[in-house]
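According to this note's numbering, the sequence shown is numbered sequentially starting from 54.
Just so you know, even glycine gets a beta-carbon here, dropped at the ideal spot from N, CA and C.
Given the structure is predicted, the values throughout are model-derived calculations rather than measurements.
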Amino acid sequence: MNLNQMELQNLRHLIGAHETAEKKLNFYAEQCSDPQIKQMFQQSAKSASQTRQKLMSFLG
Numbered sequence: 054m055n056l057n058q059m060e061l062q063n064l065r066h067l068i069g070a071h072e073t074a075e076k077k078l079n080f081y082a083e084q085c086s087d088p089q090i091k092q093m094f095q096q097s098a099k100s101a102s103q104t105r106q107k108l109m110s111f112l113g
């Protein structure tokens, strides 16, 4: 699949946004004392990581 420059730029932006979200969600999870909220943050961070990996697969 060949991506044009705009698509590559958008893809890189999305990858960066998911990386940032993953880091923030993991940080929030570390700060939580409530186990349910901690787990929610951890699951959301994992989801962001998986999405980031999938987006990266489009880069070739």
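{"Check": "CA-to-CA distance, E83 to G69, given in whole angstroms", "Outcome": "21 Å"}
{"Check": "DSSP state of F111 mapped onto helix, strand, coil", "Outcome": "coil"}
{"Check": "Expected contact under 8 Å - CB spacing of A101 and L64 to nearest Å", "Outcome": "Their Cβ separation, rounded to whole angstroms, is 15 Å, which puts A101 and L64 out of contact at 8 Å."}
{"Check": "E75 and A98 closer than 8 Å at C-beta", "Outcome": "yes"}
{"Check": "Which of helix, strand or coil DSSP assigns to L67", "Outcome": "helix"}
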